[in-house]
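As structure tokens, the structure follows; a few thoughts come after it.
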Amino acid sequence: YNAAISACEKAGKWEEALQLLFVVAQSEVELGTITFNAAISACEKGGEWKKALQLFSEVLQTKMELGTVTVNAAISACEKGSAWEMALQPFSVMAVRNVELDRITCSAMISACEKGGEWARALRFFGASVESRVESNTITCNAAISACEKVGEWARAMHLFGAMALSTIES
10 YNAAISACEK AGKWEEALQL LFVVAQSEVE LGTITFNAAI SACEKGGEWK
60 KALQLFSEVL QTKMELGTVT VNAAISACEK GSAWEMALQP FSVMAVRNVE
110 LDRITCSAMI SACEKGGEWA RALRFFGASV ESRVESNTIT CNAAISACEK
160 VGEWARAMHL FGAMALSTIE S
């Protein structure tokens, strides 16, 4: 079932992915984190951030181990759906459940805030990622620079660009 749901995700068939998830849930097969990750990602690809958050909530209500991939999928779904405030929900769960941040988490949160015009919040996430020693990459830095650019904070954007050029940012 995991492979089939993943195939639906890659094909952009979120409705079919959810139908498969429902079939698995009704069967004797135990649902796992990988199954939910694939279904959440399918919703992300289909622009269905609300459904992705519903699935994320279901994971939280189970005894499944919550991992970075699951949280990142939910955050990315909100980011793609321009729902930056909703992205804060799965992000806030990370600290409570001791789930580690990674560069995908940080990039998605920065991008979500950037899309919502929340440049100051985007920069706080960028700063937090640096403080947490999460390796930045060009995607992370570009999202922070873009957040500054969208609100005319060109001096901050240039400062970030200069810092990025001087550092050993992974591309």
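In terms of this note's numbering, the sequence shown has 173 at position 164, counting the first letter as 1, and numbering is strictly consecutive. Think of the CB as a built atom: it goes at the ideal place given N, C-alpha and C, for glycine as much as any other residue.
When you compare only the Cα positions, how much space is there between residue i and residue j?
i	j	result
serine 180	threonine 149	Summary for serine 180: the model assigns pLDDT 47, below 50, so the residue's position carries little reliability, and this model does not support an answer.
leucine 69	valine 143	25 Å
glutamate 97	valine 32	The amino acid occupying residue 97 in the given sequence is leucine; glutamate does not appear at that position. Going from the Cα of leucine 97 to the Cα of valine 32 covers about 30 Å.
asparagine 49	valine 108	Checking the sequence shown, residue 49 turns out to be isoleucine, not asparagine. Rounded to the nearest angstrom, the two C-alpha atoms are 17 Å apart.
alanine 156	glutamate 74	33 Å
alanine 86	cysteine 52	7 Å
cysteine 115	lysine 72	26 Å
glycine 76	alanine 104	12 Å
glutamine 35	tyrosine 10	13 Å
valine 160	isoleucine 154	10 Å
arginine 106	alanine 47	21 Å
threonine 44	cysteine 17	12 Å
Less than 8 Å between the CB atoms is what I'm expecting for residue i and residue j, so what's the real figure, rounded?
i	j	result
tryptophan 93	glycine 125	3 Å
isoleucine 14	leucine 30	6 Å
Just mark residue i as buried or exposed, buried being the case when its beta carbon has 16 or more other beta carbons within 10 Å.
i	result
phenylalanine 65	buried
alanine 117	buried
arginine 130	buried
glycine 55	buried
glutamate 123	buried
glutamate 37	exposed
valine 80	buried
glutamate 140	exposed
glutamate 127	buried
valine 121	Per the sequence presented here, residue 121 reads as alanine, with valine not at that position. Buried, because 16 or more other Cβ atoms sit within 10 Å of the Cβ of alanine 121.
lysine 19	exposed
glutamate 24	exposed
methionine 167	exposed
Handout entry: Those runs of the alpha helix (DSSP H) which lie wholly inside the region 107-135 and span at least 4 residues
Key = Those alpha helix (DSSP H) runs which fall completely within the region 107-135 and span 4+ residues are 112-124.
Practice task
At 3 residues or longer, and completely inside the region 12-89: list those beta strand (DSSP E) runs for me, N to C.
Solution key: Runs of the beta strand (DSSP E) inside the region 12-89: none found.
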